[in-house]
Amino acid sequence: MAEGLHRVVIVGAGFGGLEAVNHLKGAPVEITVIDQRNHHIFQPLLYQVATASLATSEIAWPIRQLMRGRPEVTTLLAEVVGVDQEARQVRLRDGASVPYDTLLLATGARHAYFGHDEWEPYAPGLKTIEDATTIRRRILMAFEEAEMETDSKAQDALLAFVIVGAGPTGVELAGTIAELARDTLPPDFRNIDTHKARVVLIEAGPRVLAGYPEDLTDYTKRSLEELGVEVELGAAVTECTAEGVIYGGKTLAARTIVWAAGVRASPAAEWLGVPADRNGRIIIQPDLTIPGHPEIFAIGDTVTLPGPNGKPVPGIAPAAKQAGIYVARAIRARLEGGPAPGQFQYRHQGSLAQIGKRKAVIDFGWIKLRGAIAWWIWGIAHIYFLIGVRTRLSVALNWLWIHARNQRSARLITQGSDSQSDSSGGRTAS
Ligand SMILES: Cc1cc2nc3c(=O)[nH]c(=O)nc-3n(C[C@H](O)[C@H](O)[C@H](O)COP(=O)(O)OP(=O)(O)OC[C@H]3O[C@@H](n4cnc5c(N)ncnc54)[C@H](O)[C@@H]3O)c2cc1C
Numbered sequence: 001m002a003e004g005l006h007r008v009v010i011v012g013a014g015f016g017g018l019e020a021v022n023h024l025k026g027a028p029v030e031i032t033v034i035d036q037r038n039h040h041i042f043q044p045l046l047y048q049v050a051t052a053s054l055a056t057s058e059i060a061w062p063i064r065q066l067m068r069g070r071p072e073v074t075t076l077l078a079e080v081v082g083v084d085q086e087a088r089q090v091r092l093r094d095g096a097s098v099p100y101d102t103l104l105l106a107t108g109a110r111h112a113y114f115g116h117d118e119w120e121p122y123a124p125g126l127k128t129i130e131d132a133t134t135i136r137r138r139i140l141m142a143f144e145e146a147e148m149e150t151d152s153k154a155q156d157a158l159l160a161f162v163i164v165g166a167g168p169t170g171v172e173l174a175g176t177i178a179e180l181a182r183d184t185l186p187p188d189f190r191n192i193d194t195h196k197a198r199v200v201l202i203e204a205g206p207r208v209l210a211g212y213p214e215d216l217t218d219y220t221k222r223s224l225e226e227l228g229v230e231v232e233l234g235a236a237v238t239e240c241t242a243e244g245v246i247y248g249g250k251t252l253a254a255r256t257i258v259w260a261a262g263v264r265a266s267p268a269a270e271w272l273g274v275p276a277d278r279n280g281r282i283i284i285q286p287d288l289t290i291p292g293h294p295e296i297f298a299i300g301d302t303v304t305l306p307g308p309n310g311k312p313v314p315g316i317a318p319a320a321k322q323a324g325i326y327v328a329r330a331i332r333a334r335l336e337g338g339p340a341p342g343q344f345q346y347r348h349q350g351s352l353a354q355i356g357k358r359k360a361v362i363d364f365g366w367i368k369l370r371g372a373i374a375w376w377i378w379g380i381a382h383i384y385f386l387i388g389v390r391t392r393l394s395v396a397l398n399w400l401w402i403h404a405r406n407q408r409s410a411r412l413i414t415q416g417s418d419s420q421s422d423s424s425g426g427r428t429a430s
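Residue 179 in our numbering sits at position 179 of the sequence shown, and the numbers go up by one each step.
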């Protein structure tokens with residue numbers, strides 16, 4: 001690397017961090033990208049790995065490979081545990097430090113259990129490849145165990161699948177698990193009728209897809225029910241155990257529970273000692289820097305700031321990407337002596353959610369779509385945003401195969417023992 005170039009350190013190669021790297025191409029900087037994982041994940045399709053529709057390699061790419069054509073970018077596989085603002089260094093778990101002139105924190109968020117972290121072993125959330133393969137294993141193992149179970153009550157519990165939280169991820173998981181049980185698995189089992197599997201979607205609020213217009217949420221609920229999903233609204237989960245859940249005063253015996261409710265930001269606010277909201281997100285300034293430190297930017301799911309309608313900018317991929325582009329422009333302007341880009345302005349491009357393999361809902365603001373047409377747009381949009389021709393072709397082919405033949409190619413139980421009393425950390429993905 002050239003001596004004396006401005007050092008930009010980007011922590012997190014998710015949607016926001018990668019977009020910043022892309023838009024710093026050609027700038028007079030040397031960049032260090034630090035991530036605790038060696039791969040970038042396309043999180044919107046994680047539920048398809050969890051439900052055996054796609055393979056892990058179709059939604060994740062090695063960060064180092066993505067940086068191959070960028071000699072000014074150094075990639076470090078390391079966990080950041082703190083920031084020394086005076087010395088301008090980030091601290092790594094192994095004790096090493098990485099110096100910066102400009103720092104960008106894009107460390108995202110993880111699921112949260114509203115103060116009940118003890119539920120995690122029984123109700124894994126969906127954020128990483130390991131989470132997705134853990135959930136896939138549990139879903140597929142439940143059918144396998146049910147096939148061998150002779151006690152009918154135990155069999156019912158094995159064939160009960162609970163999803164907590166009816167946001168887009170909960171809706172997508174519920175619809176796809178129902179289709180797995182109804183369309184994909186029936187011909188392959190001899191002792192159980194997989195049509196009898198119960199998929200129960202539990203939501204504390206009064207609606208599914210709370211952020212969507214009411215007619216789309218009504219349509220989504222009806223569509224899920226047509227797929228056989230039991231939608232339980234206005235019922236908060238008060239207990240998750242190895243036996244099942246308690247919600248709204250009712251007990252449901254279920255061996256598979258998936259958590260799709262609540263997020264908590266990465267600890268970036270703690271590293272910096274700056275104010276955060278109740279979900280741990282940095283309350284960031286309109287130029288995406290932290291107070292008193294114009295050299296430190298933070299973006300994406302780890303921050304909060306008001307959007308154009310007064311509501312917080314949503315924790316979605318386009319928001320993180322737009323912020324990444326903004327930060328790249330701001331850094332370029334400072335180095336090249338151009339005008340600063342003004343305040344960050346988030347532009348909402350639309351909200352999309354899939355309901356099973358033939359329907360989706362889309363709210364572009366100026367137009368609302370639902371049904372098959374929405375599904376095609378949803379599919380094309382997601383394929384467009386994947387990285388690389390091979391992945392796009394592979395995902396498109398997989399989806400066509402699921403459509404036409406009801407076959408899901410990633411129906412593999414690949415992890416070792418995954419006892420629900422274990423913590424979910426430290427498992428290996430495949
Ligand atoms: C299951 C699921 C489905 C979703 N579906 C959609 C959707 O359909 N549409 C949509 O727009 N958005 C969706 N989202 C939200 C979207 O993925 C996020 O808003 C987006 O990823 C945020 O980008 P980010 O750059 O802030 O963080 P992320 O993309 O999460 O990236 C954070 C990166 O930081 C790294 N990191 C974290 N902590 C450290 C550390 N201490 N040291 C080093 N590295 C660290 C992580 O490994 C990760 O690579 C979904 C999210 C999930 C979990």
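Idealized CB from N, CA, C, for every residue including glycine.
DSSP state of residue i, grouped into three classes?
i	result
His348	coil
Phe114	coil
Arg198	strand
Leu104	strand
Lys127	coil
Gly17	helix
Ala60	strand
Thr150	coil
Leu386	coil
Val49	helix
Arg190	coil
Glu30	strand
Arg427	Summary for Arg427: the model assigns pLDDT 37, below 50, so the residue's position carries little reliability, and this model does not support an answer.
Arg143	The sequence as given places Phe at residue 143; Arg does not occur at that position. DSSP places Phe143 in helix when its eight states are reduced to three.
Ala260	coil
Arg255	coil
Lys221	helix
Val164	strand
Val171	helix
Glu465	This structure leaves residue 465 out entirely; the chain is present only between 1 and 430.
Glu336	helix
Ile402	helix
Ile283	strand
Glu226	helix
Val231	strand
Arg137	helix
DSSP beta-bridge partners for residue i?
i	result
Gln354	Ala360
Pro312	Pro306
Ala109	Ala265
Gln89	Asp84 and Pro99
Ala298	Leu105
Asp35	Leu77
Glu239	Ile246
Leu272	Paired residues: none, contrary to the question.
Gly324	Its beta-bridge partners do not exist; DSSP assigns none.
Ile10	Val33 and Leu104
Lys368	Asp363
Thr289	Phe297
Glu120	Its beta-bridge partners do not exist; DSSP assigns none.
His40	Trp61
Under 7 Å from any heavy atom of ligand 1, does the C-beta of residue i make it?
i	result
Asp301	yes
Leu126	yes
Glu79	yes
Pro168	yes
Phe15	yes
Ser266	yes
Val11	yes
Gln43	yes
Arg37	yes
Tyr47	yes
Ala320	yes
Ala204	no
Thr32	no
Ile316	yes
Gly108	yes
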